[in-house]
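Accompanying notes for the structure given below.
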Amino acid sequence: MPRKPNPELIDDENPEWTDADFARARPAAEVLREQFGAEAVAHLLKPRRGRPPKAARKRAINIRLSPEVLQFFRATGPGWQTRVDEVLKSHVVRGAKRAPTRRRGARRSARA
6 MPRKPNPELI DDENPEWTDA DFARARPAAE VLREQFGAEA VAHLLKPRRG
56 RPPKAARKRA INIRLSPEVL QFFRATGPGW QTRVDEVLKS HVVRGAKRAP
106 TRRRGARRSA RA
């Protein structure tokens, strides 16, 4: 015996589709193209997956900081890594002199 329909779920303004309704149905791209044009439809129906990518993505790295620097920034609370990034970025923007580069594994020379 079939279950009785729940009267609270019956919507007169949005009735269940019949076979005739499905036969008359057209793809959204067709209907929207008539109303908005092909270019708008191509943009609207373009497949997108997940969150949009950010313009400039940050990279995860390992860096050694002195205890004083680490303590200072951590004491500022959540977002301290972002603040470290901002300080380093401002240093780069100011055009600070570039520190001389060393080859990986090379030891510093002892000064007398």
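Taking our numbering, I'd label the letters of the sequence shown as residues 6 to 117. Here a beta-carbon is modelled for each residue, glycine too, at the ideal position from N, C-alpha and C.
Taking a C-beta distance under 7 Å as the contact criterion, Ala34 and Leu50 qualify as a contact pair. Straight through space, the alpha carbons of Arg53 and Leu75 are spaced by roughly 40 Å. In the three-state reduction of the DSSP assignment, Trp22 falls in the coil class. As for any beta strand (DSSP E) of minimum length 3 sitting wholly inside the segment 26 to 78, there is none. Contact between Arg64 and Phe78 does not hold, since the beta-carbon distance rounds to 19 Å and is not under 8 Å. DSSP places Pro7 outside both helix and strand once states are collapsed to three, so it counts as coil.
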